[in-house]
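**Student:**
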Amino acid sequence: THGGRTPTGIDLVDWVAVTLGARQAPAAQKVQRVVAGWGMQGVAPMLLGGTSAPIGAALVNGTMAHCLDYDDLHFPSLAHLSAPTWAAVLALGAQHHAEESLMLDAFLAGFEVSARLGANGVGKAVTDRGWHSTGVHGRISAAIASGVILGLNEQQMAHAIAVAATQTSGLTTSFGTMAKPFHAGKAAADGVLAAELAAAEFEGATQILDDERSLLSALVQDQSVQMSLATLGEDWEIERNALKPYACCGLTHAPIDCGRAIYAQLHGAAVTEVEVTTHELAGKVANQRRPTTGLGGKFSLSYCVALALTGYRATETDFSDTRLAEEGIRILEDRVRLVADNTLEPSAACMTAKLEDGRSLSADVAVSLGNPENPMNWLHLRDKFSSLVEPALGDRTEALFDTLKGFEAPGAFATAQAAMH
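Given below as structure tokens:
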């Protein structure tokens, strides 16, 4: 326990919700079909059915966890760390019959180290240059967590990190396609592989994080930022992790909050013009105009704002073909203008809407819902969990929620596995 919150608690419950909620996602189904075709031996469960070797289960479940773009986000590193880390932990945990306490330790170790490596502007710098921070830091997190499950010694762990880091990949140009969730799945699988290789005495470049030819110097060649573990053991990065109340890119969440606040004041009035002010990253990452797919809609700030101003809650069903085709949303989306202001945090936004009756309505959000400063509570999460899991598990949903919420209890993993299959 740290800061009154267990390292699983909300984080694991959220991971299972968004992973099971992605059972119908084409990207998840296609990856599972390929992995099943490999015929790998192992008892690690794939949440779409069947078992595999840990690397295969990690690839499937890590991809699933990020398919809906509804998973948590560590804003300081701009990385979705839970998706690959839990996928690796649960795959290896099942294969090696790990105790729940060891799996908790493994997740927390991977998260705390990789989150710090991506903080202090590193995640932003990486993203600015076209790399997906999840593909960078998620691999390291998954490798460290996997190493804890396998009981690696200090030297082996150094090599696991090195082998994970040298596999870094994932480009932001893939956002809005199946390749984006695949980044998380591949990070999970590569982390498992790196740790398993290190356990077999495989060696990598252990100076890869800190010499003149480091990972960061390759990704950010102007050396404008530095990785640091200075506060490791002094505070908790998991306390800075944000959960998503909306099924879309985290950089759209503050504008959605603004839109929802304005919608509550519209009382049927028509909106003629919308100005959204937010950090420039939103324009780089989430500014697809007139998206043609649900995945594209998740990275369209204008579409997400139009949803909010129309009264929709930006849940998974709002990124369907039916919703995308609604004429009123399309008309409103074309009236949204984005303004960049780098004095704002990525989790903040301002919005002004001009109305047909001559009025103007404004809303400011300093921190979007789901962030540590404005957190989702257990009631929020139970609603999210039920909406995503109930279609698959029916009346088993509530029991699974309660089991995951108390995952530190011995036997909880076996109980949860039985409920999910």
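Residues -19 to 401 (my numbering) make up the sequence shown, in order.
Just so it is clear, CB atoms sit at the ideal spot from N, CA and C, and this is done for glycine as well.
Going by DSSP, what residue range makes up the beta strand (DSSP E) through MET331?
**Tutor:** As a working mapping, residue 331 is identified with position 351 in the sequence shown. Taken as a continuous stretch (DSSP letters only), the beta strand (DSSP E) holding MET331 covers 329 to 335.
**Student:** Leaving out five residues on either side along the sequence, give the residues of the same chain with a beta carbon under 6 Å from the beta carbon of ALA174.
**Tutor:** Here the question's residue 174 lines up with position 194 in the sequence shown. Excluding positions up to five away in sequence, the list reads ALA123, ALA140, VAL143 and ALA144.
**Student:** Would DSSP call VAL102 helix, strand or coil?
**Tutor:** For the purposes of this step, residue 102 is identified with residue 122 of the sequence shown, where counting begins at 1. In this structure, VAL102 counts as helix in the three-state DSSP scheme.
**Student:** With which residues is SER32 paired in a DSSP beta bridge?
**Tutor:** Within the sequence shown, numbered from 1, the residue matching residue 32 stands at position 52. SER32 pairs with ALA24.
**Student:** Alpha carbon to alpha carbon, how far is THR309 from ALA5?
**Tutor:** Taking the sequence shown and counting its residues from 1, one reaches residue 309 at position 329. Taking the sequence shown and counting its residues from 1, one reaches residue 5 at position 25. Reading off the sequence shown, one finds Ile at residue 309, where the question assumed Thr. Distance between the alpha carbons of ILE309 and ALA5: 24 Å.
**Student:** If we call anything under 8 Å between Cβ atoms a contact, is ASP(-6) one with ASP49?
**Tutor:** As a working note, residue -6 is residue 14 in the sequence shown. As a working note, residue 49 is residue 69 in the sequence shown. Their beta carbons are not under 8 Å apart, which means ASP(-6) does not touch ASP49 by this criterion.
**Student:** For the pair the stretch 334 to 352 and the stretch 222 to 230, tell me if three or more CB-CB distances fall below 8 Å.
**Tutor:** These segments touch.
**Student:** Given that a residue counts as buried once 16 or more other Cβ atoms are within 10 Å of its Cβ, and exposed if not, what is LEU312?
**Tutor:** Position 332 of the sequence shown holds residue 312. Buried is the call here.
**Student:** Does the stretch 29 to 36 come close enough to the stretch 13 to 20 to have 3 or more Cβ pairs within less than 8 Å?
**Tutor:** At 8 Å Cβ cutoff, the stretches touch.
**Student:** Following the continuous beta strand (DSSP E) through ASP344, name the residue where it begins and the one where it ends.
**Tutor:** Position 364 of the sequence shown, counting from 1, holds the residue named residue 344. Residues 340 to 345.
**Student:** Can you give me the C-alpha to C-alpha distance between THR179 and GLY213, rounded to a whole angstrom?
**Tutor:** Along the sequence shown, one-based indexing puts residue 179 at 199. Along the sequence shown, one-based indexing puts residue 213 at 233. Checking the sequence shown, residue 179 turns out to be Ala, not Thr. Answer to the nearest angstrom: the Cα atoms are 26 Å apart.
**Student:** Please decide whether ALA198 counts as near chain C, where near means a Cβ-Cβ distance under 8 Å.
**Tutor:** Absent here is chain C; the protein component of the structure consists of one chain.
**Student:** Hey, could you find the ends of the beta strand (DSSP E) ARG270 is sitting in?
**Tutor:** Translated into positions along the sequence shown, residue 270 becomes position 290. No beta strand (DSSP E) holds ARG270; DSSP gives it neither H nor E.
**Student:** Need the endpoints of the alpha helix (DSSP H) that ALA288 sits in, please.
**Tutor:** Looking up residue 288 in the sequence shown gives position 308. Here the alpha helix (DSSP H) through ALA288 covers 281 to 289.
**Student:** State buried or exposed for GLY(-17), treating a residue as buried only when at least 16 other CB atoms are found within 10 Å of its CB.
**Tutor:** Counted from its first residue, the sequence shown places residue -17 at position 3. Only weak support exists for where GLY(-17) lies, its pLDDT of 38 falling under 50; the coordinates are left without a value.
**Student:** What residue does the alpha helix (DSSP H) around VAL11 start on, and which one ends it?
**Tutor:** Locating residue 11 in the sequence shown gives position 31, counting from the first residue. Unbroken alpha helix (DSSP H) run through VAL11: 6 to 18.
**Student:** Just curious, the alpha helix (DSSP H) that GLU370 is in, first and last residue?
**Tutor:** By one-based count along the sequence shown, residue 370 stands at place 390. From DSSP, the alpha helix (DSSP H) with GLU370 extends over 358 to 373.
**Student:** So what does ARG406 bridge to, in DSSP terms?
**Tutor:** This structure gives no information on residue 406, because the portion of the chain shown stretches from -19 to 401.
**Student:** Taking HIS247 as the reference, give the member of ALA63, LEU335 and LEU(-8) with the closest Cα.
**Tutor:** Taking the sequence shown and counting its residues from 1, one reaches residue 247 at position 267. The shortest Cα separation from HIS247 among ALA63, LEU335 and LEU(-8) belongs to LEU335.
**Student:** Is the beta carbon of TYR243 closer than 8 Å to that of ALA294?
**Tutor:** Position 314 of the sequence shown, counted from the first residue, corresponds to residue 294. Position 263 of the sequence shown, counted from the first residue, corresponds to residue 243. Against a cut-off of 8 Å, the Cβ pair of TYR243 and ALA294 comes out as no contact.
**Student:** Quick check: the stretch 161 to 172 against the stretch 60 to 68, are there 3 or more CB pairs under 8 Å?
**Tutor:** Yes, the stretch 161 to 172 touches the stretch 60 to 68.
**Student:** What three-state label does DSSP hand ALA2 in the structure shown?
**Tutor:** Here residue 2 is taken as the residue at index 22 of the sequence shown, counted from 1. Of the three classes helix, strand and coil, the one that applies to ALA2 here is coil, per DSSP.
**Student:** Indicate the three-state DSSP secondary structure (helix, strand or coil) for ALA249 in the structure shown.
**Tutor:** Locating residue 249 in the sequence shown gives position 269, counting from the first residue. Correct three-state label for ALA249: coil.
**Student:** Between the alpha carbons of PRO355 and VAL(-2), how many angstroms are there, rounded?
**Tutor:** Numbered from 1 along the sequence shown, position 375 holds the residue referred to as residue 355. Numbered from 1 along the sequence shown, position 18 holds the residue referred to as residue -2. Approximately 18 Å, taken between the alpha carbons.
**Student:** If we ignore side chains and look at the alpha-carbon of each, how far apart do ARG193 and GLY274 end up?
**Tutor:** For the purposes of this step, residue 193 is taken as residue 213 along the sequence shown, with counting starting at 1. For the purposes of this step, residue 274 is taken as residue 294 along the sequence shown, with counting starting at 1. Approximately 40 Å between the Cα atoms of the pair.
**Student:** What is the C-beta distance between PHE365 and PHE381, in whole angstroms, given that I count them as a contact (C-beta under 8 Å)?
**Tutor:** Here residue 365 is taken as the residue at index 385 of the sequence shown, counted from 1. Here residue 381 is taken as the residue at index 401 of the sequence shown, counted from 1. That belief holds up - the Cβ atoms of PHE365 and PHE381 are roughly 5 Å apart, short of 8 Å.
**Student:** Which one or two residues does DSSP pair with LEU212 in a beta bridge?
**Tutor:** In the sequence shown, counting from the first residue as 1, residue 212 sits at position 232. The partner list for LEU212 (beta bridge, DSSP) reads ASP215.
**Student:** Name, in chain order, the residues that DSSP records as bridge partners for HIS54.
**Tutor:** Position 74 of the sequence shown holds residue 54. ALA59 and ASN221.
**Student:** Please report the straight-line C-alpha distance between SER57 and SER280, rounded to a whole angstrom.
**Tutor:** What you label residue 57 is simply residue 77 of the sequence shown in a count that begins at 1. What you label residue 280 is simply residue 300 of the sequence shown in a count that begins at 1. Roughly 21 Å separates the two Cα atoms.
**Student:** Let me know if ASN133 comes out buried or exposed under the rule of 16 or more other beta-carbons within 10 Å of its beta-carbon.
**Tutor:** Reading the sequence shown from its first residue, position 153 is the one you call residue 133. Exposed, because fewer than 16 other Cβ atoms sit within 10 Å of the Cβ of ASN133.
**Student:** With DSSP as the reference, label GLU151 as helix, strand or coil.
**Tutor:** Along the sequence shown, read from residue 1 onward, the residue named residue 151 stands at position 171. Going by the sequence as given, residue 151 is Leu instead of Glu. LEU151 falls in the strand class under three-state DSSP.
**Student:** For LEU70 and LYS385, I'd like the C-alpha separation in whole angstroms.
**Tutor:** Counting from 1 along the sequence shown, the entry for residue 70 is found at position 90. Counting from 1 along the sequence shown, the entry for residue 385 is found at position 405. Going from the Cα of LEU70 to the Cα of LYS385 covers about 16 Å.
**Student:** In angstroms with no decimal places, state the Cα-to-Cα distance between TRP216 and LEU97.
**Tutor:** Residue 216 sits at position 236 when you count from the first residue of the sequence shown. Residue 97 sits at position 117 when you count from the first residue of the sequence shown. Taking the straight line joining both Cα atoms gives about 13 Å.
**Student:** Buried or exposed, going by whether 16 or more other CB atoms sit within 10 Å of the CB of ASN322?
**Tutor:** As a position in the sequence shown, residue 322 is number 342, starting the count at 1. Answer is exposed; the Cβ neighbour count stays below 16.
**Student:** In the DSSP output, which residue or residues are listed as bridge partners for TRP111?
**Tutor:** Residue mapping note: residue 111 aligns to position 131 of the sequence shown, counting from 1. TRP111 pairs with LEU151.
**Student:** Are the beta-carbon atoms belonging to ARG315 and THR252 less than 8 Å from one another?
**Tutor:** As a first step, residue 315 must be located in the sequence shown, where it is residue number 335. As a first step, residue 252 must be located in the sequence shown, where it is residue number 272. Their beta carbons are under 8 Å apart, which means ARG315 touches THR252 by this criterion.
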